[in-house]
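Colleague:
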Amino acid sequence: MEKLSSIGQLEWLRNTILARDAKRKTQVHICMTGCRAYGASEVMEAVEKEVKKQGLSNEVEIRATGCHGFCAKAPVMAIEPLGIQYQEVDPEAASEIVDMTLRNNRFIDRLAYKDPVTGAPVFYRNQIPFYKKQERRVLANCGRISPTNIDHYIGAGGYQAVAKMLSKMTPENVIAEVTDAKLRGRGGAGFPAGLKWKFTRQAPGSPKYIICNADEGDPGAFMDRAILEGDPHAVLEGMLIGAYAIGAEYGYIYVREEYPIAIEHLTIALEQAKELGLLGENILGTGFNYDLSLKIGAGAFVCGEETALMASIEGQRGMPRARPPFPAQSGLGGKPTNINNVETWANVPLIIKNGAEWYGQVGTDNSKGTKIFSLAGKVNNTGLVEVPIGTTVKDIIFGIGGGIPKGRKFKAVQMGGPSGGCVPAQFLNLSVDYDTIQRIGAIMGSGGLVVLDENNCMVEIARFFLSFTQSESCGKCAPCRLGTTQLLEILTRITRGEGQISDIQTIKELGATITESSLCGLGQACAKPALSTLKYFVKEYEDHIREHRCAGATCDSMVISACQHACPAGIDVPNYVAAVALGKYEQAVDIIRERNPFPAVCGRICIHPCEFKCRRGELDEPVAIRSIKRFASDWYFEHIGSSRDPFPVTKAQMAAVVGAGPAGLSCAYFLAKMGYKVTVFESQPIAGGMLGIAVPEFRLPRKVVEDEIKYIENCGVEIRYNSPIDAGHTFTDLLNEGYEAVFLAAGAQASKQIGIPGEDKDLEGLYYGLHFLNGIKKGQEMRLKNRAVVIGGGNVAIDVARTALRAGAQHVQIFCLEPRDEMPAWEKEVEEALDEGIVINPSWSPKQILYQDGKVTGIEFVRCVCVFDDEGCFNPECNEEVTQLVEAENVLISIGQAQDMSFLSEDSQLERALWGALVVDENTLSTNISGVFAGGDFTTGPTFVIRAIASGRRAAIAIDKYLQGASGPVEIPDVKTAMHEDAGLALDEETEQEMPRIRVELEKAEKRVSDFREVEKGLSSQEAISESKRCLRCDLEKERMSI
Amino acid sequence: MEPKEIDWNKLTAVIAKHENEKWALIPLLQEVQETFGYVPPESIEPIAQALKMFPSQVQGVITFYAGFSLKPKGKYVLKVCRGTACHVKGSRNILRLMQNELGLEKGETSADYQFTLETVACLGACFVAPAMMVNRTYYGKLAPTRISSLLAQYGKDKEEE
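Line by line, the protein sequences give chains A and B. Each residue of the first sequence is one higher than the last, beginning at 1 in our numbering. Each residue of the second sequence is one higher than the last, beginning at 1044 in our numbering.
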């Protein structure tokens, strides 16, 4: 390489390079940085060999490039100018790629990205959603050029900005351009770069230094790494421009030692730039002198702080010092120094080359340009993403990131690493820019986005970050050194279940003190993760402290196995699964009944929180726990039936339960088990509550509910049907009749109204969800004709729609406020409904019901733009301009249920909350009247059957304590059942043997809609046993470890 | 790499190379660490002398940075990533399993100087979490079931020797 001695020679070189590269028509780009961990080197070798073998060496250029971004599908390969991408490429595919694609332009399905919904291959990169929604400016070269070849960078327009600058811009012009572009520091704090440059330029003193902060230490951030590895010259060029503008003669790149590839590529880039005369003396013959060298970090997170970083360059312990003086006045060696982060420097050439105006075309008013984010954690498309500043969190995580794996629920995203905070689900529509994110307690930070799903515990996450900052605190200032230790201790004891409720206040106070009084950013921000999780997830803290419950089922001290902990009723899942695996079905059902008297019901309609937490799901797919439960309980009722001896009455006191739904009956069952005589008062002629009157036959056959109730009755529980508790027979009367405790579990069975015109008329064809379901279930004549519109997006709405289809409606369409992906209904039910031909119209709000001659004729909708507001509250916003008028003979409204409190006389002394619901103690379910307890849907509003069952059991325990005169809160820890099954199952097989989850068979859609037959089929004994054997027995691991 | 008497010639050469460099201490220590696999305590005095510093200053820098170790490390340094992304994907369990398999706590080196078990704040390999590094090789998407086979890969090496 000959040294360039003028700007003209640089341009000459560029033209030569372009002409040379144009000769080879096809380029293959293989990521040789991140993808190396996935065998990219072997792939490249194989492709090179194959190209040579097939004689294409003169036509095909193979480039070892930096990161393409789509790390989730590594190793990744792009073929240009076709514009296609292959993913998860293996060396064996080489000959096929060369022969089919490079030679014949034919694409290979197997290696293409697959549309997650249709499964169809997507070849063109600009059609893959991950890329389609990005704006790759800074990353434009990443993945297209070889980072170790300066020719590629120059060929792609590199050093053009330097040429422009040196030929026609003064340093002041450069600073003005960067200022106009409103470039803000990408390292986290977002300080305007132009301003910083100006300060350093104006500061007296010589020499001046510039530094690139490449000590990317934030756990979860890897965008700097990708730039350094994939496009190092962009950073060099940015710094060259900075040096010229600031008047610096010397620069350093401080890079962390954990990035060996970055160090290698930077070293090569520096050598090449020096050889070409782009660094050193008299650059491009313009008389401008500037040199740059590399400093390698020695492993201390705090060195990312600018004053600590400079101390480290100077060879000292990397401890921060107080500012001012700022580095701009007194930095390295006491001289004016300008520090910017890698990504900031990499933005600079773009601004100079294309101008501030171009640069500002994307972004928000205060933050222009794009930002690179590294997507990691619980998200499908992990990788590097570059988007305009101001893109919403949702677009990044769901649009580009492809959402959360395995259908789990998004909980929060941690932004800004240990110095940042979490952004919870209600802020998904928030725009990501410096100011907005700061407002809600997080920071943009360097751009690390770690996505958390429902299986992560927020207290534990806060503890994790504190343990990080505590160990990385340099120890110089007391607030940080002592404060982090104290915070960590408190958080640790909360996660161990040893916390006190006053700890929450202590964290807040301590956090505020550390924030105010620490010396540097590390200390000032260290409390943020704790404070922000406390702000949005205080319930999780309280549950850890009061109930010893961990929402993510990760805190060891409270969790034996995640499935058991996730179950609201705390069923010992691993043991009954093991019992099934051993063929001991009766024992399996006995284990379930220790916590839940409705095994067959839950085997059908439980939302199975256990499966979402199942550790097997991390390997492949969760164990089909619900189906195993159904199998065991079906076997039980078939072979043993519902008869049994009643529990012996051993206690003198009597208890009454109001309402024979799952909560009431569970309470009664457990009280009977404890030896009490229990009577259940039910206003209806049948028991089961919602199970009996609402859940449609095709999901839960009546026979199943009847068997379970018969069993409970046989346990000694007396159910008095048609015995309403009302003005004629109040719960106070019950207390006088000798019942010493009463549990109110009257459910939530009043349908909510929307409050739109037409709703108030007694129209033919207008129904409310529950009333309709109940009518059908009772066998009333409720045939629907022709078209039915169902309003609502919840589970009951889906039940209503599917029932409508079976009750005569030819066409059923659902309309709901929420966008499709935010519908609260359970996805499995939605899919089954779609299979049955039901149409879902999301994001519509009902406006008025149309009618004629007392009959429904249709309904008008307006477009619902947003369901939740910026604060995360339910506050639908509509666009009245966009309307839709739907003709229909029937409208079924199912927008939710509420408690029907009418049976309680108004002068009842029961304490009510503002909105009319009862005030109950969350722990003991006791009301303000001693001896009266309330629970289930009746106090919480509609929820899932398993929660109602858990509530009933909690009430039984509380009532027992009350009747026995015991004090203190109710404690329901996870316990292992006495019937211990030591079947090791999958744990004993040290293989990664593929054993996919069983597919439960469904009745064919076109057949099942003709009647009310059960849709889902059960497992055979063989299927149940082999599925049970997939269990990893996490509980045993825990036992072994504790020994 | 069992600890033995250090090669003073090598040390002198490293010191000579950096002696006149500006802000030389850290690059010098990095090369000593690279050459010997650790910073031998007996090298502190000569380094301090050459750079005209107090030995305590040199010692202070060595103990401040995670990149320097005063104790010899094993042939294979296993760095389990404890970054956020790895953490939320279960790296705590990976570490626990490694500790069980190797019989080492983090920071310890096995008696035969084959393995050193360490944790690292973040490898920047978040996209393949949970990740670890064995010397300079990255391993990603670790599953509990992969750990023993992965370690066996390095254990085999030992038998051949």
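All C-beta atoms, glycine included, are put in the ideal place defined by N, C-alpha and C.
If contact is defined by three or more beta carbon pairs under 8 Å, each pair taking one atom from either stretch, is the region 328-339 of chain A in contact with the region 271-291 of chain A?
Modeller: No: fewer than three Cβ pairs fall under 8 Å.
Colleague: Which value, in whole angstroms, describes the spacing of the CA atoms of alanine 652 of chain A and leucine 963 of chain A?
Modeller: For the purposes of this step, residue 652 of chain A is taken as the residue at position 652 of the first sequence. For the purposes of this step, residue 963 of chain A is taken as the residue at position 963 of the first sequence. If I take the Cα positions, the gap works out to 10 Å.
Colleague: Please check if any C-beta of chain B sits within less than 8 Å of the C-beta of alanine 442 of chain A.
Modeller: Taking the first residue of the first sequence as position 1, residue 442 of chain A is located at position 442. It does not: the Cβ of alanine 442 of chain A has no partner Cβ on chain B nearer than 8 Å.
Colleague: Counting contacts by CB-CB distance shorter than 8 Å, is isoleucine 397 of chain A in contact with chain B?
Modeller: The sequence position of residue 397 of chain A within the first sequence is 397, counting from 1. No, no contact with chain B.
Colleague: Step through the CB atoms of chain A and report whether any lies within less than 8 Å of the CB of alanine 1093 of chain B.
Modeller: Residue 1093 of chain B sits at position 50 when you count from the first residue of the second sequence. It does not; no Cβ of chain A falls within 8 Å.
Colleague: Helix, strand or coil: how does DSSP classify serine 1066 of chain A here?
Modeller: For residue 1066 of chain A there is no data in the structure shown, the boundaries of chain A being 1 and 1043.
Colleague: Report the residues of the region 359-380 of chain A with a CB closer than 9 Å to any CB of chain B, ordered along the chain.
Modeller: Result list: Ser374, Leu375, Ala376, Gly377 and Lys378.
Colleague: At a Cβ threshold of 8 Å, is threonine 1152 of chain B touching chain A?
Modeller: The sequence position of residue 1152 of chain B within the second sequence is 109, counting from 1. Taking Cβ atoms only, chain A never reaches closer than 8 Å to threonine 1152 of chain B, which makes this a no.
Colleague: My output table needs one value for threonine 924 of chain A: the three-state DSSP class, helix, strand or coil.
Modeller: By 1-based counting over the first sequence, the position of residue 924 of chain A is 924. Threonine 924 of chain A: coil per DSSP, three-state reduction.
Colleague: Quick one: what's got a C-beta closer than 7 Å to valine 393 of chain A's C-beta in the same chain, skipping five residues either side?
Modeller: Against the first sequence, residue 393 of chain A aligns to sequence position 393. Around valine 393 of chain A: Val413, Val423, Phe427, Leu428, Leu430 and Val432.
Colleague: Thinking C-beta only, is serine 1134 of chain B closer than 8 Å to valine 1123 of chain B?
Modeller: In the second sequence, counting from the first residue as 1, residue 1123 of chain B sits at position 80. In the second sequence, counting from the first residue as 1, residue 1134 of chain B sits at position 91. Cβ atoms of valine 1123 of chain B and serine 1134 of chain B: closer than 8 Å.
Colleague: Rounded to whole angstroms, what's the CA-CA distance from aspartate 291 of chain A to leucine 195 of chain A? Just pull it up for me.
Modeller: As a first step, residue 291 of chain A must be located in the first sequence, where it is residue number 291. As a first step, residue 195 of chain A must be located in the first sequence, where it is residue number 195. Rounded to the nearest angstrom, the two C-alpha atoms are 23 Å apart.
Colleague: Say whether chain A places a C-beta atom closer than 8 Å to the C-beta of alanine 1164 of chain B.
Modeller: In the second sequence, the residue the question calls residue 1164 of chain B occupies position 121. Closer than 8 Å to some Cβ of chain A, the Cβ of alanine 1164 of chain B qualifies, so yes.
Colleague: Beta-carbon separation of alanine 120 of chain A and tyrosine 1182 of chain B under 8 Å?
Modeller: Along the first sequence, read from residue 1 onward, the residue named residue 120 of chain A stands at position 120. Along the second sequence, read from residue 1 onward, the residue named residue 1182 of chain B stands at position 139. No; because the gap between Cβ atoms is not below 8 Å, this pair is not in contact.
Colleague: Give the single residue among A:Asn380, A:Glu314, A:Gln9 and A:Tyr359 whose Cα lies nearest to the Cα of proline 1070 of chain B.
Modeller: Residue 1070 of chain B sits at position 27 when you count from the first residue of the second sequence. Measuring from the Cα of proline 1070 of chain B, the nearest candidate turns out to be A:Glu314.
Colleague: Ignore the nearest five residues each way along the sequence and tell me which others in isoleucine 494 of chain A's own chain have a CB closer than 8 Å to its CB.
Modeller: By one-based count along the first sequence, residue 494 of chain A stands at place 494. Excluding residues within five positions, the ones whose Cβ falls inside 8 Å are Val459, Arg463, Asp503, Tyr541, His544 and Ile545.
Colleague: Short of 6 Å in beta carbon distance, which residues of its chain neighbour valine 1101 of chain B, apart from the five on each side in sequence? Order them along the chain.
Modeller: The residue given as residue 1101 of chain B occupies position 58 in the second sequence. Once the five neighbours on either side are set aside, the close Cβ partners of valine 1101 of chain B are Ile1087, Ile1090 and Ala1091.
Colleague: Tell me which residues share the same chain as lysine 855 of chain A and place their Cβ nearer than 7 Å to its Cβ, disregarding the 5 neighbours each side in the sequence.
Modeller: Position 855 of the first sequence, counting from 1, holds the residue named residue 855 of chain A. Within the same chain, lysine 855 of chain A has close Cβ partners Leu763, Glu764 and Gly765.
Colleague: My output table needs one value for methionine 995 of chain A: the three-state DSSP class, helix, strand or coil.
Modeller: What you label residue 995 of chain A is simply residue 995 of the first sequence in a count that begins at 1. Here methionine 995 of chain A sits in coil by DSSP.
Colleague: Under 8 Å, with one C-beta from each stretch per pair, do the region 1014-1026 of chain A and the region 609-620 of chain A reach the 3-pair mark?
Modeller: Touching, no.
Colleague: Which residues of chain B have a Cβ atom closer than 8 Å to the Cβ of valine 450 of chain A, listed in chain order?
Modeller: The residue given as residue 450 of chain A occupies position 450 in the first sequence. By Cβ distance, chain B contributes Thr1127, Ala1128, Val1131 and Cys1169.
Colleague: Using CA atoms only, rank isn't needed, just tell me which of B:Glu1064, B:Val1131, B:Val1082 and B:Ile1105 is closest to alanine 300 of chain A.
Modeller: For this step, residue 300 of chain A is matched to residue 300 along the first sequence. Ranking B:Glu1064, B:Val1131, B:Val1082 and B:Ile1105 by Cα distance to alanine 300 of chain A puts B:Ile1105 first.
Colleague: What do you get for tyrosine 721 of chain A, buried or exposed, if any count of 16 or more other CB atoms within 10 angstroms of its CB means buried?
Modeller: Locating residue 721 of chain A in the first sequence gives position 721, where the first residue counts as 1. The residue in question, tyrosine 721 of chain A, is exposed, as its Cβ has fewer than 16 Cβ neighbours within 10 Å.
Colleague: Which of helix, strand or coil does DSSP assign to alanine 588 of chain A?
Modeller: Working through the first sequence from its first residue, we reach residue 588 of chain A at position 588. Helix.
Colleague: Identify, in the order they occur along the chain, each residue of the same chain with its Cβ nearer than 6 Å to the Cβ of arginine 201 of chain A, setting aside the five sequence neighbours on each side.
Modeller: In the first sequence, residue 201 of chain A corresponds to position 201, counting from 1. The answer, listed in chain order, is Ile246 and Gly247.
Colleague: Is glutamine 848 of chain A helix, strand or coil by DSSP?
Modeller: The residue you call residue 848 of chain A lines up with position 848 of the first sequence. Of the three classes helix, strand and coil, the one that applies to glutamine 848 of chain A here is strand, per DSSP.
Colleague: Would you mind working out which of A:Cys474, A:Thr469, A:Lys535 and A:Gly417 sits nearest valine 451 of chain A, comparing C-alpha positions?
Modeller: Residue 451 of chain A sits at position 451 when you count from the first residue of the first sequence. Comparing Cα positions, the closest option is A:Gly417.
Colleague: Taking the alpha carbon of glutamate 871 of chain A as the point to measure from, which residue in A:Lys535, A:Val174, A:Ile949 and A:Ala93 has its own alpha carbon closest?
Modeller: For the purposes of this step, residue 871 of chain A is taken as residue 871 along the first sequence, with counting starting at 1. The residue with the shortest Cα to Cα distance from glutamate 871 of chain A is A:Lys535.
Colleague: Short of 6 Å in beta carbon distance, which residues of its chain neighbour methionine 1044 of chain B, apart from the five on each side in sequence? Order them along the chain.
Modeller: Position 1 of the second sequence, counted from the first residue, corresponds to residue 1044 of chain B. Below a pLDDT of 50, predicted positions are generally treated as unreliable, and methionine 1044 of chain B, at 49, falls in that range; the measurement from the model is reported next regardless. Around methionine 1044 of chain B: Gly1080, Lys1118 and Tyr1156.
Colleague: Could you pull out every unbroken alpha helix (DSSP H) segment of at least 4 residues lying fully inside the region 820-875 of chain A, listed in chain order?
Modeller: Those alpha helix (DSSP H) runs which fall completely within the region 820-875 of chain A and span 4+ residues are 827-835.
Colleague: Three-state secondary structure (DSSP) at asparagine 736 of chain A?
Modeller: Taking the first sequence and counting its residues from 1, one reaches residue 736 of chain A at position 736. Helix at asparagine 736 of chain A.
Colleague: Expressed to the nearest angstrom, what Euclidean distance is found between the alpha-carbon atoms of methionine 1046 of chain A and cysteine 550 of chain A?
Modeller: Limits of chain A in this structure are 1 at one end and 1043 at the other, which puts residue 1046 of chain A out of reach.
Colleague: Rounded to the nearest angstrom, how far is the Cβ of alanine 93 of chain A from that of leucine 82 of chain A, given a contact under 8 Å?
Modeller: Residue mapping note: residue 93 of chain A aligns to position 93 of the first sequence, counting from 1. Residue mapping note: residue 82 of chain A aligns to position 82 of the first sequence, counting from 1. 16 Å between Cβ atoms; not a contact.
Colleague: For the region 117-161 of chain A, which segments carrying the alpha helix (DSSP H) assignment without a break, of at least 4 residues, lie completely within its bounds, in sequence order?
Modeller: Runs found: 129-132 and 150-155.
Colleague: Is tryptophan 345 of chain A buried or exposed, if buried means 16 or more other CB atoms sit within 10 Å of its CB?
Modeller: By one-based count along the first sequence, residue 345 of chain A stands at place 345. Buried: at least 16 other Cβ atoms inside 10 Å.
Colleague: Okay, do the region 962-977 of chain A and the region 562-575 of chain A touch, 3+ Cβ pairs below 8 Å being the bar?
Modeller: Contact holds: three or more Cβ-Cβ distances are below 8 Å.
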